[in-house]
Structures are given as structure tokens and as C-alpha cells.
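So the protein sequences, as listed, match chains W and Y.
Going by the numbering used here, the first sequence opens with residue 1, and the numbers climb by one from there.
Going by the numbering used here, the second sequence opens with residue 122, and the numbers climb by one from there.
2 protein chains.
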Amino acid sequence: MKDDWKREHGINKPQCQSKMLPVQDALEVLSGKWKIPIIIALIHGVKRFSDLSKEIPKITDRMLSKELRDLEMNQLVKRTVYDTFPVTVEYTMTEYGQSLKGVIEALAEWGTNHRKRIMQD
Amino acid sequence: MKDDWKREHGINKPQCQSKMLPVQDALEVLSGKWKIPIIIALIHGVKRFSDLSKEIPKITDRMLSKELRDLEMNQLVKRTVYDTFPVTVEYTMTEYGQSLKGVIEALAEWGTNHRKRIMQD
DNA sequence: GTAAGTACTATACTAGAGTATAGTGCTATA
DNA sequence: TATAGCACTATACTCTAGTATAGTACTTAC
């Protein structure tokens, strides 16, 4: 590989190679306005589409649908369809999805502290 | 406070009150395309504007300037102006900024693992 | 006096994330 | 037969993050 190419892709520096891409991967999974609210809602139990819609203020059906699809593609959320009258669909965090708990915990802790710090000025 | 108001602002559920806002606060600090690259560059040492510009591929001056201002406002980065010929400006992570290391570590670890998992399907 | 180096700022544009609003397909009850 | 409830999808719009490109202010060396 040419050095130019490496520079282009930001992998010429060891630290970039080892940290930057992974962090951006993780942030992409959590990206957008609604993923965190959805994840937090689902961490506390199985929910149906309409439950989530009620529980998350202001989210539109379109966004809820799209974000759930994203989370499902990343294997964080499982979608189960029941063949009942008005079809019901349940969303659950997968076992793998639970692995986000640690990350979210770290973010929550830092965020709490940061808000205190910034507010007091 | 009215229950309606609480529902509107998503703080009627205990879990929202305790986790959602802090996590979003933290993510906002790291938000955007360029903050992580800048932070990672600065974690490895003091850098000048032009250093960062060279080290972070494709970032425009405008974005670099804006993101550095954001990071400075959040007290993560310190800006020092030296009264030299062509004025030089140095950017450093503050002591407080170093506190992000843990969060970034957690994100990097999860991101690495996630990439493996998603790729192998 | 003009060219060059540093650290920006200004203006205009583009693309993608998010919003608003309405409509679909299914069926069981009234 | 019509209405209601669920889980979406379609279309069109808006708004903001990011890009592209150019220009500024300062000063020193040639």
C-alpha cells in the first residue's frame, strides 16, 4: 500500500489504526436522535411497537421503524412476529445487545459528571 | 410539574430520568464526524492548528476550527496563543479532557468486538 | 513592496437526518 | 357492512451538519 493511500485513510499513525475506527464504529451503532431512547426502553423489558411509540415522546412511526431496523441489523434487537389478530410484534434486546450495558454505563457516568461541571460555571 | 410535561420530556420513567439524558449529554460532546479524530490526535500530544490539519485527512479548516471551539467550550481542550511571528496556537487536552480516556477505551473495545461480529456473517 | 507562512473567517452550496401527514393490509367484533 | 386497532410504508418537505472555495490579518524576510 502506498503511503499516500494510508494517509488518505488516516491509518498512517498507529493510534488511528488502533482506536479511531473502532470508536467510530461504536458511535455509529448508537448514532442518531432515537437509538439511545429505544435501547434504554428495551433494556428494561420486551416492548411492542406501540409501547415504544408511547414511551418515547415525539418519535414518529417512521423513525421508530427505521431505527428498530438498524438495531436489528446490528443484532442488538430481536423482532418477533406473533400470528395473532391485529398482528403483534415484540422487540427484545438480544443477549449480544446486553453487551452495550457497559458502554452505556460508562457514557452515563461521564455524562452525569460533565453536566455538573459545565453547569456550575 | 404536570404529568403531561414529564411525559413530553421523557422523564416520567425512572430509567429515562437516570440514564437517557446523561448518555445523550456524553454523546453530544463526542458528536459529529471530526471530534474523535481530533481528541485522539490531541491525546498523543500538544498540536498546532496546522499539525492537526495535516494529521487528520480531509478535514477542512472551517470544521477543524469549529470542532476545536466546541471542545474548548466543553473544557476538554485548552488553546494557547503564542506571541511569535506568524502567530502560533497550541492545542492541548486538559486534565479534565483526559477523563474521556476511559469512555473512549470502552467504546473502542466494544467497537472492535462489534466489527468482528458483524463482518463474519 | 511583494511574497510567504500561520491561523483562522465568510459565503454559498449539498446531502442526509429527521419531521409531518396520510395511507396500507389484515381481521374480529358491533 | 363498517369500524377499530396494530404495525407499519409512502411521499414530500425542512433543517442542519458538513463541504468547497476564497479571502483576511499579521509580520518578517527578500
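A virtual CB, placed ideally from N, CA and C, is assigned to each residue, including glycine.
Just so we're clear, the structure is a prediction, and the values are computed from it rather than from any experiment.
When we look at the beta-carbon of Gly-166 (chain Y) and count the other beta-carbons within 10 Å, is it buried (16 or more) or exposed? exposed
Just to confirm before moving on: does the CB-CB distance between Ser-174 (chain Y) and Leu-185 (chain Y) stay below 7 Å? yes
Lys-222 (chain Y) versus Asp-61 (chain W): straight-line alpha-carbon distance, rounded: 37 Å
Using a beta-carbon distance below 7 Å, is Arg-62 (chain W) in contact with chain Y? no
Under 8 Å from the C-beta of Lys-140 (chain Y): neighbouring residues of chain W: Ile-40, Ile-104, Ala-108
Please determine if the segment 111 to 119 of chain W and the segment 155 to 162 of chain Y are in contact, where contact requires at least 3 C-beta pairs separated by less than 8 Å. no
Would you mind giving the Cβ-Cβ distance between Ile-104 (chain W) and Lys-140 (chain Y), rounded to the nearest angstrom? I have them listed as a contact below 8 Å. 7 Å
Taking Ile-164 (chain Y) as the reference, which of Y:Pro-207, Y:Arg-190, Y:Ser-220 has the closest Cα? Y:Ser-220
Under a CB-based cut-off of 7 Å, is Arg-236 (chain Y) close to chain W? yes
Between Val-202 (chain Y) and Arg-169 (chain Y), which are expected to be in contact by the criterion C-beta below 8 Å, what is the C-beta distance as a whole number of angstroms? Actually they are not in contact, since the Cβ atoms of Val-202 (chain Y) and Arg-169 (chain Y) sit about 11 Å apart, beyond 8 Å.
From the DSSP output, in three-state form, read off Glu-8 (chain W) for me. Residue confidence for Glu-8 (chain W) is low, a pLDDT of 39 falling below 50, so the modelled location carries little weight and cannot support an answer.
Would you say Gly-232 (chain Y) faces chain W, with C-beta separation under 7 Å as the test? yes
Is Leu-148 (chain Y) closer than 7 Å to Val-23 (chain W) when the C-beta atoms are compared? no
Tyr-91 (chain W) bridges to which residues according to DSSP? W:Lys-47, W:Arg-79
Residues of chain W with a CB under 7 Å from the CB of Asp-146 (chain Y): which are they? Gly-111, His-114, Arg-115
Output, in sequence order along the chain, the residues in the segment 206 to 224 of chain Y whose CB is closer than 9 Å to any CB in chain W. Tyr-217, Ser-220, Leu-221, Gly-223, Val-224
C-alpha gap between Asp-172 (chain Y) and Lys-187 (chain Y), whole angstroms: 16 Å
Is it right to say Met-93 (chain W) is buried, meaning 16 or more other beta carbons lie within 10 angstroms of its own, or is it exposed? buried
Chain-ordered chain W contacts of Gln-241 (chain Y) [CB-CB under 8 Å]: Correct list: empty, because the minimum Cβ distance to chain W is about 11 Å.
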